Every structure is written in C-alpha cells, then in structure tokens.
Amino acid sequence: MKTFTLIIVLLFSLSATPATQASLASLAWNGFKVIAIDTAIDVIQDLFKDKVTPQKVAALVRRVSQLDTQLAEYQNQSIASEDFDTIKEMIAGLKSVIKTMDGRLS
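The sequence shown maps to residues -21 to -1, 1 to 85 in mature numbering (1 follows the signal peptide of the UniProt record, and there is no 0).
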C-alpha cells in the first residue's frame, strides 16, 4: 500500500511540475514588469527635478542597464510578445530620457 501511495504522489508531482513552473515564470515576469514600471517612474520624476546629481544619473543608468539585461533573459521564454515589446520600448525610452538628463549635466 505504501508503494502505491508513493507512486501516486510521484505521478501527481510530475504532472504538476510544468504548471508550477509556468506559474513561477509568470509570477517572475509580473514582478519584472513592476520593477520596470517603478524604474520608469523614478526616471521621469528625476527628469523634472530642478537638479539631478551625476551619481543619481549613474544609478539610473545602472538600473536601466540591469532591466535591459534581465529583459534579454526573458526573450527566450514564452511571454506574450505584446507585453515583451511594450517593456522593450519602455526601456529604450528610458535610455533616451537618461541620455537627455546626462546631457543637462554638461
């Protein structure tokens, strides 16, 4: 009886694994989108400040660069292309805004 129970538990675990992996991937992607939006808010807020320090701009460059690297990792996963493209465009826009901010420092 123990063997039969163990086999059923193993079969259930194996069949649930892909769904669990898909859920975790979806959860990670949603978390990534939240971080990307939070970064975008910070960049836009700093764009409209009277004074931004070079250190702050450098920190924003690092954050956006990290987002870009993480986005490249998601590219091979099965994410809705519309979502992926939207985040990709947002990151490109953030790079442009940061470049403008960096130009103001000169």
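Just so you know, even glycine gets a beta-carbon here, dropped at the ideal spot from N, CA and C.
As the structure is a prediction and not an experimental result, all values here were calculated from the model.
Run of the alpha helix (DSSP H) containing T65, from where it starts to where it stops = S60 to L84
request  = Give the single residue among A37, E52 and T18 whose Cα lies nearest to the Cα of P7.
outcome  = Residue identity check: residue 7 is Ala in the sequence provided, not Pro. The residue with the shortest Cα to Cα distance from A7 is E52.
task = Would you decide whether V13 is buried or exposed? Buried here means 16 or more other CB atoms lie within 10 Å of its CB.
result = exposed
query = Would a C-beta distance cut-off of 8 Å place A19 and M69 closer than the cut-off?
reply = yes
request  = Check each candidate in V43, Q34 and L26 and name the one with the smallest Cα separation from I66.
outcome  = V43
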